[in-house]
Structures are given as structure tokens and as C-alpha cells.
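Each residue of the sequence shown is one higher than the one before, starting from 17 at the first, in this note's numbering. We put the beta carbon where it would ideally sit given N, CA and C, even for glycine.
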Amino acid sequence: MPNIKSSIKRVKINHKKNLRNRMVKSAVKTEVKKFNAVLAADPSSAVSELSVVTSTIDKAASKGIVHKNTANRKKSRLAKALSKATA
17 MPNIKSSIKR VKINHKKNLR NRMVKSAVKT EVKKFNAVLA ADPSSAVSEL SVVTSTIDKA
77 ASKGIVHKNT ANRKKSRLAK ALSKATA
């Protein structure tokens, strides 16, 4: 544990941000898993689930938790999987 006041504050802030980042990343992973489960069970109903996943990924990207290109890549792969399953 640091002794300098600004370093103590930095540790607290980093801890808060780490918790927030983990929470958002976990939410994205959960939504992707839900989408994959729906896609495997019923591809036609996965269209509505895709919009939920896309929204969650976009929120994570807008907060800076996930890089913009990473978010776009994830969304693209999910959409590609959906189109492949419905075709």
C-alpha cells in the first residue's frame, strides 16, 4: 500500500474502474452466450437477441472498456454466424 496521498487515491480509483470494467465485460460475455444458446436452439428467434447483444457491445465500446474495432469485430462475427445459421 502506498504512503503518498495521490498514490493512495490512484489505487482506490483503479480499483473502482477495474470493478466497473469487469462488470461490463462480464455482461457482454453473458449476452454473447445467451445469443449462441438461442442461435443453436432456434435461429429464427435469434434476430431479436442479436440486437440486444449488439447494444451491449456498443455500450461497452462507448465507455472505452472494449476497443471500437474489437466491438465491431465481435458484432460482425455474431451477425455472420446468424446469417450462416438461417441460410
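- The beta carbons of Lys41 and Ile73 sit no closer together than 8 angstroms.
- When secondary structure is reduced to three states using DSSP, Val48 falls in the helix class.
- CA-to-CA, the gap between Arg26 and Val63 works out to about 43 angstroms.
- Per DSSP, the continuous alpha helix (DSSP H) segment holding Ser64 begins and ends at Ala62 to Ser78.
- One alpha carbon belongs to Lys21, the other to Lys28, and they sit about 11 angstroms apart.
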